[in-house]
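**Q** Residue numbers (the working numbering), protein chains in the order written: chain A, 434 to 577; chain B, 434 to 577. Backbone N, C-alpha and C fix where the C-beta goes; we use that ideal spot for every residue, glycine too. This structure is a prediction, so every number in the text was calculated from the model and none was measured.
Number of protein chains: 2
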Amino acid sequence: MFSKACEYGIKATIYIAVKSMHQERVSLKEIAEEVDSPVAFTAKILQSLARHGIIDSQKGPTGGFQIQESKIDAITLHQIVHAIDGDNIFNGCGLGLKQCDASKPCPVHDKFVGIRDNLKSMLHNTSLYELATGLDIGLTHLKR
Amino acid sequence: MFSKACEYGIKATIYIAVKSMHQERVSLKEIAEEVDSPVAFTAKILQSLARHGIIDSQKGPTGGFQIQESKIDAITLHQIVHAIDGDNIFNGCGLGLKQCDASKPCPVHDKFVGIRDNLKSMLHNTSLYELATGLDIGLTHLKR
DNA sequence: TCTATTTAAGATAAATTTGTCCGAAATAAG
DNA sequence: CTTATTTCGGACAAATTTATCTTAAATAGA
Ligand code: FES
Ligand code: FES
Numbered sequence: 434m435f436s437k438a439c440e441y442g443i444k445a446t447i448y449i450a451v452k453s454m455h456q457e458r459v460s461l462k463e464i465a466e467e468v469d470s471p472v473a474f475t476a477k478i479l480q481s482l483a484r485h486g487i488i489d490s491q492k493g494p495t496g497g498f499q500i501q502e503s504k505i506d507a508i509t510l511h512q513i514v515h516a517i518d519g520d521n522i523f524n525g526c527g528l529g530l531k532q533c534d535a536s537k538p539c540p541v542h543d544k545f546v547g548i549r550d551n552l553k554s555m556l557h558n559t560s561l562y563e564l565a566t567g568l569d570i571g572l573t574h575l576k577r
Numbered sequence: 434m435f436s437k438a439c440e441y442g443i444k445a446t447i448y449i450a451v452k453s454m455h456q457e458r459v460s461l462k463e464i465a466e467e468v469d470s471p472v473a474f475t476a477k478i479l480q481s482l483a484r485h486g487i488i489d490s491q492k493g494p495t496g497g498f499q500i501q502e503s504k505i506d507a508i509t510l511h512q513i514v515h516a517i518d519g520d521n522i523f524n525g526c527g528l529g530l531k532q533c534d535a536s537k538p539c540p541v542h543d544k545f546v547g548i549r550d551n552l553k554s555m556l557h558n559t560s561l562y563e564l565a566t567g568l569d570i571g572l573t574h575l576k577r
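#1: Do we get a CB-CB distance below 9 Å when we pair A/Val541 with the residues of chain B?
#2: List the residues of chain B that A/Asn551 touches, going by C-beta distances under 8 Å, in chain order.
#3: Return the chain-ordered list of same chain residues with a C-beta closer than 8 Å to the C-beta of B/Thr495, the five sequence neighbours on each side being excluded.
#4: Counting C-beta neighbours from all protein chains within 10 Å, is the total for A/Lys576 16 or more, i.e. buried, or is it exposed?
#5: Where does A/Val451 land, buried or exposed, given buried means 16+ other C-beta within 10 angstroms?
#6: Measuring only the C-alpha atoms, how far is B/Leu572 from B/Leu561?
#7: Within the present structure, is the beta-carbon of A/Pro471 separated from the nearest heavy atom of ligand 2 by less than 8 Å?
#8: Please check if any C-beta of chain A sits within less than 9 Å of the C-beta of B/Gly567.
#9: Near B/Cys439, which residues of its chain fall below 7 Å by C-beta distance, leaving aside the five closest residues on each side in sequence?
#10: Just the C-alpha distance for A/Tyr448 and A/Ile464, rounded to the nearest angstrom, thanks.
#11: If we define contact as Cβ-Cβ less than 9 Å, is A/Gln532 a contact residue for chain B?
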């Protein structure tokens, strides 16, 4: 469904959000540890998220990653997924046709569009805040 | 969403079904042409579908692929996807945790399970027959 | 200023997926 | 039986994704 990069990116962002809500900056090493992801690969993903303006990064001792508390509420899963995996999952044809278009639909178009739109609106309606809160109060987990 | 192999496999199966409904066997070459897929790769996928008992193959001159007409109605998209992509998409965690389990859910579990179940039931409820019919009467297309 | 620490960036490598090639096996037809 | 045609099977190759390594840049603190 999502790429590994996206899975790691989502988990990392949620973890950073939890820490940010407690006014703590967090290091790459800690993130990779808590998220169960390869350190250097995670670094790449976080760099990309930083360039997309979703997270902030700070170099040097006491450096690390954080998210402005005021933004946590406004960031959606959609933004994260879009930043990492692009928009093919949101607009692409389920059978890989170059263009998904109801005027020349593939055999699964009608059935597929519903699922795709479901996913899209779920991601749009899910805020980083609620995901981080669930994790913070121990309702959900990042490893298993 | 689906792998390339799965996309090709679905399109090929639908095309074979259309031909089979007209009592015609169809060659690999024709399938790859009509489905816009690489010939040799398509051969691999069709071999796999044949081993899974979803399609029949026949070697030699006048050989090719076909589907028993009586089965077309009973074959579902789910069977095809499951044969090629396995069941990770149906049961796997959206964030890649080793096990998706409501008793130790990942942050997106509750939201994700709905989407995943939607997809699953859509694939279960979509028969090869209806997809092939749509294509046969020119309502849908395999290339673009 | 110097050092230690942490992220940035680019090159490189490993793993997986996608795609190709070629000889073998089956089989229809002359 | 021989030949032409078609799928089968395994090895091989290319492309993409995932993961690592190394050096540079920033920066906090001694
Ligand atoms: S054309 Fe294939 S999903 Fe729309
Ligand atoms: S645990 Fe992640 S989707 Fe169920």
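**A** Judging by the given coordinates:
#1: yes
#2: Contact annotation for A/Asn551 against chain B: Gly547, Ile548, Asn551 [CB-CB distance below 8 Å, chain order].
#3: Arg458
#4: exposed
#5: Counting the other CB atoms within 10 Å of its CB gives A/Val451 a total of 16 or more, which places it among the buried residues.
#6: 15 Å
#7: The answer is no for A/Pro471.
#8: Answer yes: the Cβ-Cβ gap between B/Gly567 and chain A drops below 9 Å somewhere.
#9: Val514, Ile517, Asp518
#10: Separation of A/Tyr448 and A/Ile464 (C-alpha to C-alpha, rounded to the nearest whole angstrom) is 7 Å.
#11: yes
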